[in-house]
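Protein chains: 2
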Amino acid sequence: MIILKGAEAAAQIQREVEERLKALGGYVPTLAIVRVGEKPDDLSYERGALSRMKKFGLRAESHAWPADISMEEFGERFRRISEDGDVDGILLLRPLPPQLDEREIERMIDPGKDLDGISPENVAKVFLGDRDGFAPCTAEAVIRILKTYQVPMEGKRAVIVGRSPVVGRPLAMLFLQEHATVTVCHTRTRDLERECREADILVSAAGKAGMIGGNHVREGAVAVDVGINVTPEGKLCGDMDFEAVSGKAAMATPVPGGVGAVTTAVLAEHLVRAAERRKEQGRV
Amino acid sequence: MIILKGAEAAAQIQREVEERLKALGGYVPTLAIVRVGEKPDDLSYERGALSRMKKFGLRAESHAWPADISMEEFGERFRRISEDGDVDGILLLRPLPPQLDEREIERMIDPGKDLDGISPENVAKVFLGDRDGFAPCTAEAVIRILKTYQVPMEGKRAVIVGRSPVVGRPLAMLFLQEHATVTVCHTRTRDLERECREADILVSAAGKAGMIGGNHVREGAVAVDVGINVTPEGKLCGDMDFEAVSGKAAMATPVPGGVGAVTTAVLAEHLVRAAERRKEQGRV
Chain A
0 MIILKGAEAA
10 AQIQREVEER
20 LKALGGYVPT
30 LAIVRVGEKP
40 DDLSYERGAL
50 SRMKKFGLRA
60 ESHAWPADIS
70 MEEFGERFRR
80 ISEDGDVDGI
90 LLLRPLPPQL
100 DEREIERMID
110 PGKDLDGISP
120 ENVAKVFLGD
130 RDGFAPCTAE
140 AVIRILKTYQ
150 VPMEGKRAVI
160 VGRSPVVGRP
170 LAMLFLQEHA
180 TVTVCHTRTR
190 DLERECREAD
200 ILVSAAGKAG
210 MIGGNHVREG
220 AVAVDVGINV
230 TPEGKLCGDM
240 DFEAVSGKAA
250 MATPVPGGVG
260 AVTTAVLAEH
270 LVRAAERRKE
280 QGRV
Chain B
0 MIILKGAEAA
10 AQIQREVEER
20 LKALGGYVPT
30 LAIVRVGEKP
40 DDLSYERGAL
50 SRMKKFGLRA
60 ESHAWPADIS
70 MEEFGERFRR
80 ISEDGDVDGI
90 LLLRPLPPQL
100 DEREIERMID
110 PGKDLDGISP
120 ENVAKVFLGD
130 RDGFAPCTAE
140 AVIRILKTYQ
150 VPMEGKRAVI
160 VGRSPVVGRP
170 LAMLFLQEHA
180 TVTVCHTRTR
190 DLERECREAD
200 ILVSAAGKAG
210 MIGGNHVREG
220 AVAVDVGINV
230 TPEGKLCGDM
240 DFEAVSGKAA
250 MATPVPGGVG
260 AVTTAVLAEH
270 LVRAAERRKE
280 QGRV
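So the sequences go chain by chain: A and B.
With numbering that gives the first Met the number 0 as the guide, the letters of the first sequence map in order to residues 0 to 283.
With numbering that gives the first Met the number 0 as the guide, the letters of the second sequence map in order to residues 0 to 283.
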C-alpha cells in the first residue's frame, strides 16, 4: 500500500510558489490572519500557517482580537484589513464566537483576498466550476494530494462522507470539475458501508474518530482522510481506522501527515494567486 | 405505475400562493420578465409564465429588448428594473447573446428580487443549504413534485444525470437538504446504466432525448425527467424513454406535463416570497 504523504504535495506546491514568486519580481505577498480569542485549535492552525508562509518566502501578520469583541468593532477592524493595500490575502479562523454574525462577515471580505473561499462570490464560483474562485483550502488540499500522486479522477467514483459547507460540499464540486462521478453521504445515509465500498476514491470528512473501517473500503480503492480528531489519550487521529483501511486500500493518507499537511500550502498558493491578480490590476 | 403530474404540484402551490396573497392584504406582487431577442424557447417560456401569474392573481410585465443590445444599454435598463420599487421579482430569460456578460449581469440583480437564483448571493445560499435563498425554479420544481406525491427522500439514494449550474448542481444541494444520499453523473461517468440503477429517485437533466431507457431504472424507483427536447417531427419529449421507464418505475413524470408544468408555479411562489420580505422590510 502506498501512503499518500501530505509533505510530498506541499513540496510540489512550494516549488510552484517559488517559481511564481520569481515572476512577481521581488514583491513579497502578505497574508493577514485574523483570530478571535485563544482557542487551542486556532492557535495551532495559526502557528502552522505562519511557519508555512515563512518557509515559502511569504509574509504573514497575525491579528488577534479579544473573544468578546463586539460585532461593530469586529466589522470596523475587519474592513480595515480587507481594504488595506498592503494586504494581499486574508485568513479568518472560524468558527467565531456567537456574538459575531458570520454571514455578515462573509460579505465584508474583498473576494480577491478571500483565500479560504468564504465570500458568496467565491462560494458561487466554486459551485459553478469557475476555476477563478478560491475554494476552501482543505477541500482543495484533497484534490492536490490526489494530483501529486497522479491518481486518475476522470470517470472514477468519488464518495465523500460529510456534507459540510467547508469540506464535503465544495469538494463535491471540485471532483465534478475533475470529471469524477460524485456521491455525497452523511449521517442520514442508509447503508454507509455499502456506499463507501462503491468508491474508487473514498474521502472521509465527518469528524468522527474510527468511523471508517475495513468494511467501508473496496480492495484497491484510494482512501483520503480529512478528519482531525483527538483521542481520549490526546493523540491526533482521523476518521479512518488507518490499520484496517490500509489492509484494503491501494493508497491512503495518514493523520497526521496527510491532508492536514497540505492545507496551509494551498493557502500559500492562494496568497500568491491573489497577489498576481492584484498586480495585474495595478493594485500593488 | 403512478404518473407524477406537474399540474397536481402546481395546483398545490396555487392554493398556498392564494393563502399568502390574502395575508398580503390586497398587495399584488409584480414580476418583471426580461427577454433579449425573440428566441422561440424564450417566447414560449414567457407566455407560460405570463399566463401562470395571471391565473395565480399576480401581476407580470414583459421587457423585450433587441437581440443586439449593447452591454452598456442592457446594464442601464436592467439596473433600472432591479431598483424599481414597483417590481418585486425578476426573471431573466437565458442564455443571453454573446455580447452580454452573464457573470457581470448576475452581480447586478438585487438578490431579494432574484427569483431564479442567479446572483452569487443566492447561489451561495443554496450551496450552503440556507433556505432563505432562491434556488433555480426548475431544480426546486423537482423537489416540489416529489413532495406533492409524498415521495420520501430522507436516507434515499437520489441519482442526478447532469451537472449543469441551473439544474444538476443546485438540485444536488436541495436533495442534501432533504437528507437524501446524492450522486451526480455526467458525460464522463463510466457506467451510467449501473449508476442509474442504484437510484431510489432518478432524475435526468441531461437534455438528450431517449438517453434514459429501461436498463437505467431499478424496479420500483421514482423517475423524474427534467429534459425538454424536440424530436425531428417537432414533438416535445424528455430525456427518458417514457414507455420503457414506466415498465420499471413505480412513479414517473411525463414530458410534457411533468416538471416543466411546475417551474412557473415555483416562480410564482418565489415572487410572493420576495414580496412578503419586501413588505417585512417596509419596502412596499
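A virtual CB, placed ideally from N, CA and C, is assigned to each residue, including glycine.
Model, not experiment: these values are computed from the prediction.
#1: Using only alpha-carbon positions, find the residue among B/Ser69, B/Leu114, B/Gly88 and B/Lys207 that is nearest to B/Leu95.
#2: Using the three-state DSSP reduction, which class does B/His185 fall into: helix, strand or coil?
#3: Quick one: what's A/Thr29 bridged to in DSSP?
#4: Is B/Ala59 near B/Val261, with beta carbons less than 9 Å apart?
#5: In angstroms, rounded to a whole number, what distance separates the CA positions of A/Ala171 and A/Asp115?
#6: Between which two residues does the alpha helix (DSSP H) holding B/Gly259 run?
#7: How about B/Glu126 and A/Phe174: are their beta carbons less than 9 Å apart?
#8: Should B/Ala286 and B/Ile200 be called a contact, given that it needs their Cβ atoms to be closer than 9 Å?
#9: What does A/Pro119 reach in chain B if we use C-beta pairs closer than 7 Å?
#10: Quick one: using the 10 Å Cβ neighbour count with 16 as the cut-off for buried, is A/Gly161 buried or exposed?
#11: Tell me which same chain residues have a C-beta within less than 6 Å of the C-beta of A/His269, skipping the five on either side of it?
#12: When you compare only the Cα positions, how much space is there between A/Arg34 and A/Pro97?
#13: Counting C-beta neighbours from all protein chains within 10 Å, is the total for B/Ser50 16 or more, i.e. buried, or is it exposed?
#14: What does the alpha-carbon distance come out to for the pair B/Ala243 and B/Ser43?
#15: Can you name the start and end residues of the beta strand (DSSP E) that A/Ile200 belongs to?
#16: Check each residue of the region 149-167 of chain A: if its Cβ is closer than 7 Å to any Cβ of chain B, include it; give the result in chain order.
#17: Do you know offhand how far A/Glu15's Cα is from A/Leu266's?
#18: Would you mind telling me which residues of chain B sit closer than 7 Å to A/Arg187, beta carbon to beta carbon, in chain order?
#19: What are the start and end residues of the beta strand (DSSP E) that includes B/Gly213?
#20: Does any residue of chain A have a CB that is nearer than 9 Å to the CB of B/Val202?
#21: Any C-beta of chain A within less than 9 Å: which residues of the region 72-99 of chain B qualify?
#22: For B/Asp41, does the three-state DSSP call read helix, strand or coil?
#23: In three-state terms, what does DSSP make of B/Arg143?
#24: Is it buried or exposed for A/Pro119, if we count other Cβ within 10 angstroms and need 16 for buried?
#25: Please state the DSSP three-state secondary structure of B/Met239.
#26: In three-state terms, what does DSSP make of A/Val225?
#27: Is the CB-CB distance between A/Val183 and A/Ile227 below 9 Å?
#28: Entirely within the region 103-150 of chain B and at least 4 residues each: give me those alpha helix (DSSP H) ranges in chain order.
#29: What residues in its chain sit with their C-beta under 6 Å from that of A/Val150, if we drop five residues either side in the sequence?
#30: For B/Gly128, which residues from the same chain have a beta carbon less than 6 Å from its beta carbon, with the 5 sequence-adjacent residues on both sides left out?
#31: In three-state terms, what does DSSP make of B/Gly88?
#32: Any beta carbon from chain A within less than 9 Å of B/Ala336's own beta carbon?
#33: Go ahead and label B/Arg272 buried or exposed: buried means 16 or more other beta carbons lie within 10 angstroms of its beta carbon, across all protein chains shown.
With the structure as the only source:
#1: For this step, residue 95 of chain B is matched to residue 96 along the second sequence. For B/Leu95, the nearest C-alpha among the options comes from B/Ser69.
#2: One-based indexing of the second sequence puts residue 185 of chain B at position 186. Secondary structure at B/His185: coil, using DSSP grouped into helix, strand and coil.
#3: The count along the first sequence starts at 1 and reaches residue 29 of chain A at position 30. Answer is A/Arg58, bridged to A/Thr29.
#4: What you label residue 59 of chain B is simply residue 60 of the second sequence in a count that begins at 1. What you label residue 261 of chain B is simply residue 262 of the second sequence in a count that begins at 1. If you check the CB distance, B/Ala59 and B/Val261 do not come in under 9 Å.
#5: On the first sequence, residue 171 of chain A is found 172 positions in, with the first residue counted as 1. On the first sequence, residue 115 of chain A is found 116 positions in, with the first residue counted as 1. In a straight line, the C-alpha of A/Ala171 is about 16 Å away from that of A/Asp115.
#6: The residue you call residue 259 of chain B lines up with position 260 of the second sequence. Per DSSP, B/Gly259 belongs to the alpha helix (DSSP H) from Gly259 to Glu279.
#7: Position 127 of the second sequence, counted from the first residue, corresponds to residue 126 of chain B. Position 175 of the first sequence, counted from the first residue, corresponds to residue 174 of chain A. In the sequence on display, residue 126 of chain B carries Phe and not Glu. Going by C-beta atoms, B/Phe126 is not nearer than 9 Å to A/Phe174.
#8: Outside the shown range of chain B (0 to 283) lies residue 286 of chain B, about which nothing can therefore be said.
#9: Stepping through the first sequence from its first residue, residue 119 of chain A is reached at position 120. Within chain B, Pro119, Glu120 and Ala123 have C-beta atoms less than 7 Å from the C-beta of A/Pro119, given in sequence order.
#10: Working through the first sequence from its first residue, we reach residue 161 of chain A at position 162. Around the CB of A/Gly161, 16 or more other CB atoms lie within 10 Å, so the residue is classed as buried.
#11: Translated into the one-based positions of the first sequence, residue 269 of chain A becomes position 270. Counting only Cβ-Cβ distances below 6 Å, and skipping sequence neighbours, we find Leu114 and Phe133.
#12: Start at 1 with the first residue of the first sequence, and residue 34 of chain A comes out as number 35. Start at 1 with the first residue of the first sequence, and residue 97 of chain A comes out as number 98. One C-alpha to the other measures close to 14 Å.
#13: As a working note, residue 50 of chain B is residue 51 in the second sequence. By the Cβ-count criterion, B/Ser50 is exposed, with fewer than 16 other Cβ atoms from all chains shown falling within 10 Å of its own Cβ.
#14: Taking the first residue of the second sequence as position 1, residue 243 of chain B is located at position 244. Taking the first residue of the second sequence as position 1, residue 43 of chain B is located at position 44. Cα to Cα, B/Ala243 sits roughly 29 Å from B/Ser43.
#15: As a working note, residue 200 of chain A is residue 201 in the first sequence. Here the beta strand (DSSP E) through A/Ile200 covers Ile200 to Ser203.
#16: Identification of residues in the region 149-167 of chain A having a C-beta nearer than 7 Å to some C-beta of chain B yields Glu153, Gly154, Arg162 and Pro164, given in sequence order.
#17: The residue given as residue 15 of chain A occupies position 16 in the first sequence. The residue given as residue 266 of chain A occupies position 267 in the first sequence. One C-alpha to the other measures close to 13 Å.
#18: For the purposes of this step, residue 187 of chain A is taken as the residue at position 188 of the first sequence. Per Cβ cutoff of 7 Å: Glu153, Gly154 and His178.
#19: Counted from its first residue, the second sequence places residue 213 of chain B at position 214. Unbroken run through B/Gly213: none, as it is neither H nor E.
#20: Start at 1 with the first residue of the second sequence, and residue 202 of chain B comes out as number 203. Answer no: the Cβ-Cβ gap between B/Val202 and chain A never drops below 9 Å.
#21: Taking 9 Å as the Cβ-Cβ cut-off against chain A, none of the residues of the region 72-99 of chain B qualify.
#22: Working through the second sequence from its first residue, we reach residue 41 of chain B at position 42. DSSP places B/Asp41 in helix when its eight states are reduced to three.
#23: Residue 143 of chain B sits at position 144 when you count from the first residue of the second sequence. If DSSP states are grouped into helix, strand and coil, B/Arg143 belongs with the helices.
#24: Residue 119 of chain A sits at position 120 when you count from the first residue of the first sequence. Counting the other Cβ atoms within 10 Å of the Cβ of A/Pro119 gives 16 or more, which makes it buried.
#25: Within the second sequence, residue 239 of chain B is the residue found at index 240, counting from 1. Strand, per DSSP.
#26: Within the first sequence, residue 225 of chain A is the residue found at index 226, counting from 1. A/Val225: coil per DSSP, three-state reduction.
#27: Locating residue 183 of chain A in the first sequence gives position 184, counting from the first residue. Locating residue 227 of chain A in the first sequence gives position 228, counting from the first residue. With respect to the 9 Å criterion, A/Val183 and A/Ile227 are not classified as neighbours on the basis of their beta carbons.
#28: If we require 4 residues or more, the alpha helix (DSSP H) runs fully inside the region 103-150 of chain B come out as 119-127 and 136-147.
#29: Within the first sequence, the letter at position 151 stands for residue 150 of chain A. Taken in chain order, the residues that qualify are Val221.
#30: Within the second sequence, the letter at position 129 stands for residue 128 of chain B. Once the five neighbours on either side are set aside, the close Cβ partners of B/Gly128 are Gln176.
#31: Taking the second sequence and counting its residues from 1, the one referred to as residue 88 of chain B is at position 89. Note: B/Gly88 maps to strand in three-state DSSP.
#32: Any answer about residue 336 of chain B is impossible in this case: the structure gives chain B only from 0 up to 283.
#33: The residue given as residue 272 of chain B occupies position 273 in the second sequence. B/Arg272 sits buried, since 16 or more C-beta atoms from the chains shown fall within 10 Å of its C-beta.
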